[in-house]
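Protein chains in written order, with the numbering used here: chain E, 1 to 310; chain S, 1001 to 1294; chain C, 2001 to 2444. Ideal placement from N, C-alpha and C gives every residue a C-beta, glycine not left out.
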Amino acid sequence: MIERTPLLNFATYAVMIIGAFIVFVPLWLVFVGATLTVREINTPELHFFAGSHLFENLQAAWARGHLGGRLLNSLIMSLGVATGKVVMSSLTAFGLVYFRFPGRMLAFWLIFITLMLPLEVRIVPTYAVAANALWPFQSILDASGLTYLIQMLSGVQVGLEWNLLNSYTGLVLPLIATATGTFLYRQFFLTVPDELLEAARMDGAGPFRFLAEFLMPLSRTNMAALFTIMFLYAWNQYLWPLLATPDRAGFGTTAVVELKLLAPTVSTNGGGTPDWNVAMAGCLIVMLPPLLLVAFMQRYFVRGLIATEK
Amino acid sequence: MEKRATFSMGWLGLAFILPQILLVFTFFYWPTGAAMYWAFTLERPWGGGNEWVGFDNFRQVFADRAYWGSIIRSLIFAASTATLSIVFGLLLAVACDRGLKGYQAFRTIFVWPYAVVAPAAALAFRFIFAPEAGIFASLVKAYPEFWNPAQNGYHAMAMIIICYSWKYAAYCFIFFLAALQAIPRSVIEASALDGAGVLSRVFDIQLPLITPTFFFMLVISITDSFQDSFGIVDVMTDGGPGKATELLVYKIYFDGFRGLDYSGAAAQSIVLMLIMMVLTFFQFRYIERRVHYS
Amino acid sequence: MKLKLLATVAALLLAATASASSAERVKFEMWHGLTGDLGGVVDQVCKRFNDSQADYEIICTSQGSYDNALQNAIAAYRAKKNPTIVQIFDAGTLDLLLSEAYVPARKLMADNGYKINWEDYIPAISNYYANSKGELNSFPFNSSTAMMYWNKDAFAKIGKTEAPKTWEETFDSLKALKAAGYECPMAWNYDTWPIMEQFSAINNIPVATKGNGYQGLDAELAVNKGKFVDMIKTLKKGYDDGLVKIKVPETGATIVQAFANADCQVMLSSIADHGTVTKTQKPDMKWDVAMLPTLAGVERHNSLVGGASLWALQGKTDAEYKGAAAFFNFIAQPESALFWSTNTGYIPVTKSGFEFMKGQGFYDKAPYKGRELAIASLNASAVNENTRGIRLGGFVQIRKEMRDALTDIFANKVSVDDGINSAVERSNVVLRKFEKTYAGKMLP
């Protein structure tokens, strides 16, 4: 589209540059922090200019935090969460929007309510579930008397156990149990005109083909946005991975958890050396993969050329 | 959700939603149920017995003056951060969507705040806003009361709102951009051919078309502001000065996690959930009707 | 060829099984809350234990903070997946004490055949963690106490070569420092540990009724009547006169940073920060620690221990408890105390450990000179009802209520009396709820 709008272009650039500046300043401070010595970072002043100790701080952070393996764990977990979320949310939203069945609204609200209670608040019982993911079902079997019944009939004592601790499954599943993606897709699917479905039907398409060949291509940018956001969300999780990975030597833990462990102990009865410079260096390392992913995902944020007429 | 065209095999729909329902049951409702039980008893952290007290915990929660303050503060926080994040996210998304030369770099940069882990962002902002060492340092030397987040509750609140909105605007930006870019080129071109200028296209075509996303962002921003605020409050202000930045989730976390008052925290959580449900209900009832879906 | 291959395989297998059986160590876990370089030293302590014997292997895992260590241990305990040992900080003591979740230290060592000289522990430290009969429930691990840090250069300028011994002397010095041109004579951060808890113990004042909570769950806070209120009033006046400056992270510097940069000349902080100040101080700055001042005319009593102790949790196998006992025995040795105090700012917890370190010349020169005053502070008197410790439920919340009140007082939102009274009122609500939660439970 060729238009001459120099004033508006100037305004647009101004907005973007100011925005970039506001984004950049805090990130710059983290970078500068990672280049200072212990003494320097503890002098109470705003350090604007980078020091010269970046490399040694990075090395210290990498070694102390075992960051190599941890980054891999984070990567697998975040990819798992992002993919799982994208896939599951689209299927669920599809079911909720395009089918009629009793209890449909109830199902939507049941899923939606998961947004209203943060994980921190229910973390102790969630851990108990992760330690044995089949515990709820075992309890139901026990309470309804089915366990007793099965034992009577076949002599088999039903004892369901599935320990999710120290595993990628345990890291990923509790984090994809929320409603963000489903809500997003629901909004999007509601904007798709009915004519599309009519056209697909006339084409002989059933629900699966409709989903795969018509809806998914249309939701490409939304998918990319959701994937990016869920990856970043999972990457930056701290409380749950800390609890779900007690076996540090074996399975290890995620990068952000290690980052927290790098940070100096802060306590009024005394702490260790406040080497925030090393913690900041660790921060830079841990921040890098998400930043790279964001840069990579940009290619999907392109206006669709193929489009149905809206 | 009134789609006229649907598939008739209801059971298939059930099959589609089953995985998430199962997951949500196992990892949300079951643990939450246990926590809810604690709200009606006096639970000992290490276990070993509890005593049923009915609604006593709730009574105590509402009798606490500080709790009402917490609710008001959380509502203010929610409204301010939602407004700031949505306005700035949308502004940047519209700017990027124009596709001017070099916009790809900006597009990448604007998502970065969400990639920064909350404590690191909070730490950076604490440096920036420190009255004795930050950007206001010289002003503070002259007028000490100009910026005093260590003692002035309003300043402290402003600080956490700005830090949170900085991160969250990136979240809004990415979804708004995705929505804007999902508008097919043909629609824009048609209206341009019709003689509509850039600004009128933005206000008459693009913004109305993304109202579903806008509604999504509104609901999610407000809900998330209740939930994600913990990390930032913890690093920047510890709920201080006094209780000036003690938001609901921070209070729940502090009382339950740190203070080991499981029953009190559980009761507060139920109240939090009810507040959020009411807020969401209002949004769906009164705002969704203005959303153009097709 | 085939025979050779078989022989090699057989030899390898033999070697593998041989090393496997010698590596049949009993593994057990310890969860702690230290991070950063402190976490690194804990890892070294664990490695030293593992290297010192071949029967057990301890696996030490940091949980990121004291709160997280406590909370994660609780979650794990409830799911029956808890570690054998967990590090619990001072305020977390009472909930654990009133539960069935731990194995008392004395019982653990006795059951596993270790003879520990329980009298060897410094009384102020052992009493904090002991039951009513004086028997230790947990092992003191990283202990500290509060000290006054003072800048020798600044005090020299006002003609003093020794730290002030009473609060009255202290405020006189602060006035002189201000007159001499120092903008920040004393840095303060609302922390209740030195100003309420330690202050009360040193001046033989109760913090709560019922022997600071040791004698019953029906204790109430007692600090809103008497000398603590006066102390806060003095501090507030000092603040209004510009003698005391607030230094909290929100202002841009902690009190340790402010002191280490010679911006402020006096601070009240843990002895464990001694190493931090050494590492981050302004070059050539001369400073030292001193015992916290007393009130004029009051006989000095012992200060309180801070930090955390190690608890053994229920639900593990006998072999794991044997390993835990071996570990506790290991860290009680004088050499371990020397290692721990050399690499961290914490102090030795046994008299023999302290004597051993003195014998090695540990306290003779920088950077460790001055830390012996912490021990002196803990040993300043025999332990009594007001000085053996504080055992109150919901103590984390009580500390927060007091801190919030102090913040409001110094922001001139409320008067000293009203602020403290309100904090005590709210704290008593917490205490009553705690009492109700553990109704019928006797304090061990």
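Asked	Found
Check the Cβ-Cβ distances between C1172 of chain S and every residue of chain E, and say whether any is below 8 Å.	no
Who are the Cβ neighbours of M230 of chain E in its own chain at under 6 Å, not counting the five residues just before and after it?	V81, A82, K85
Quick one: Cα of Y1250 of chain S to Cα of T178 of chain E, how far?	21 Å
Would you mind giving the Cβ-Cβ distance between K2279 of chain C and T35 of chain E, rounded to the nearest angstrom? I have them listed as a contact below 8 Å.	That belief does not hold up - the Cβ atoms of K2279 of chain C and T35 of chain E are roughly 18 Å apart, past 8 Å.
Tell whether a beta-carbon distance below 8 Å holds between F311 of chain E and G1010 of chain S.	In the structure as shown, chain E starts at 1 and stops at 310, and residue 311 of chain E therefore has no counterpart that could be examined.
Could you tell me which whole alpha helix (DSSP H) segments of length 4 or greater appear in the stretch 194-282 of chain E?	194-202, 220-235, 239-244, 255-262
If I measure Cβ to Cβ from T2084 of chain C and keep anything under 8 Å in the same chain, skipping five residues before and after, which residues do I get?	F2028, E2029, M2030, A2312, L2313, K2316, E2320, Y2321, G2323, A2324
Which of the residues in the stretch 115-127 of chain E, read from start to end, lie with their CB under 9 Å from any CB of chain S?	L115, M116, L117, P118, L119, E120, V121, R122, I123, V124, P125, T126, Y127
At the 8 Å Cβ level, is L1042 of chain S part of the contact set with chain C, yes or no?	yes
In whole angstroms, what separates the C-alpha of M2442 of chain C from that of L2136 of chain C?	17 Å
Rounded to the nearest angstrom, what separates Q1283 of chain S and L1177 of chain S at their Cα positions?	23 Å
Give every residue of the same chain whose Cβ lies closer than 7 Å to the Cβ of Y2239 of chain C, excluding the five residues on either side of it in the sequence, and list them in chain order.	F2410
Would you say V1117 of chain S lies against chain E (beta-carbon separation less than 8 Å)?	yes
What would DSSP say about I2383 of chain C, mapped onto helix, strand or coil?	Inspection of the sequence shows that residue 2383 of chain C is occupied by Val rather than by Ile. Coil.
Given 8 Å as the limit, is there contact between the stretch 2096-2105 of chain C and the stretch 1042-1054 of chain S, that is, 3 or more CB pairs closer than that?	yes
By alpha-carbon positions, which one of S:S1074, S:A1079, S:P1144 ends up nearest to V1233 of chain S?	S:S1074
Could you tell me the alpha carbon to alpha carbon distance between L305 of chain E and P1184 of chain S, rounded to whole angstroms?	Note on L305 of chain E: pLDDT 42, under 50, position unreliable in the model; the coordinate value appears next. Going by the C-alpha atoms only, they are around 7 Å apart.
Take Y2438 of chain C and list the residues in its own chain whose beta-carbon comes closer than 7 Å to its own, dropping the five residues that flank it on each side.	L2098, L2217
Here's the rule: buried if 16 or more other CB atoms are within 10 angstroms of the residue's CB, otherwise exposed. What is Y1164 of chain S?	buried
Could you list the residues in the stretch 161-186 of chain E with a C-beta less than 9 Å from some C-beta on chain C, going in chain order?	N163, L165
Measuring CB to CB, does L2096 of chain C end up less than 8 Å from A2219 of chain C?	no
What is the DSSP secondary structure of L2374 of chain C, counted as helix, strand or coil?	Note that residue 2374 of chain C is Ala in the sequence shown, not Leu. DSSP places A2374 of chain C in helix when its eight states are reduced to three.
For T2387 of chain C, collect the residues of the same chain with a Cβ closer than 6 Å to its Cβ; drop the 5 residues on either side in sequence, then sort them by chain order.	A2201, H2301, N2302
Could you check if M2001 of chain C is buried or exposed, using at least 16 other CB atoms within 10 Å of its CB as the buried criterion?	With a pLDDT of only 48 at M2001 of chain C, under the threshold of 50, the placement of this residue in the model should not be trusted, and no figure is reported.
What first and last residue would you give for the beta strand (DSSP E) that runs through F2028 of chain C?	2026-2032
Would you tell me roughly how many angstroms separate the C-alpha atoms of I1174 of chain S and K2107 of chain C, rounded to the nearest one?	60 Å
Using the C-alpha atoms, what's the distance from V1024 of chain S back to L2094 of chain C?	36 Å
Under the assumption that G2064 of chain C contacts L218 of chain E (Cβ atoms under 8 Å), give the Cβ distance between them as a whole number of angstroms.	Their Cβ separation, rounded to whole angstroms, is 43 Å, which puts G2064 of chain C and L218 of chain E out of contact at 8 Å.
Quick one: what's got a C-beta closer than 7 Å to I22 of chain E's C-beta in the same chain, skipping five residues either side?	none
Helix, strand or coil, according to DSSP, for S1070 of chain S in the structure here?	helix
Chain S beta carbons: is any one of them nearer than 8 Å to that of F101 of chain E?	yes
Any Cβ of chain S within less than 8 Å of the Cβ of N236 of chain E?	yes
Would the C-beta of Q1206 of chain S count as close to the ligand FAD, meaning under 7 Å from any of its heavy atoms?	The ligand FAD is not part of the structure shown, which contains no ligands of any sort.
Measure the beta-carbon distance from K1243 of chain S to A1066 of chain S and round it to whole angstroms, keeping in mind my assumption that it falls under 8 Å.	6 Å
With a 10 Å radius around its C-beta and 16 neighbouring C-beta atoms as the bar for buried, classify S139 of chain E as buried or exposed.	exposed
Which residues, in order along the stretch 70-97 of chain E, keep a beta-carbon less than 7 Å from a beta-carbon of chain S?	M88, L91, T92, F94, G95, L96, V97
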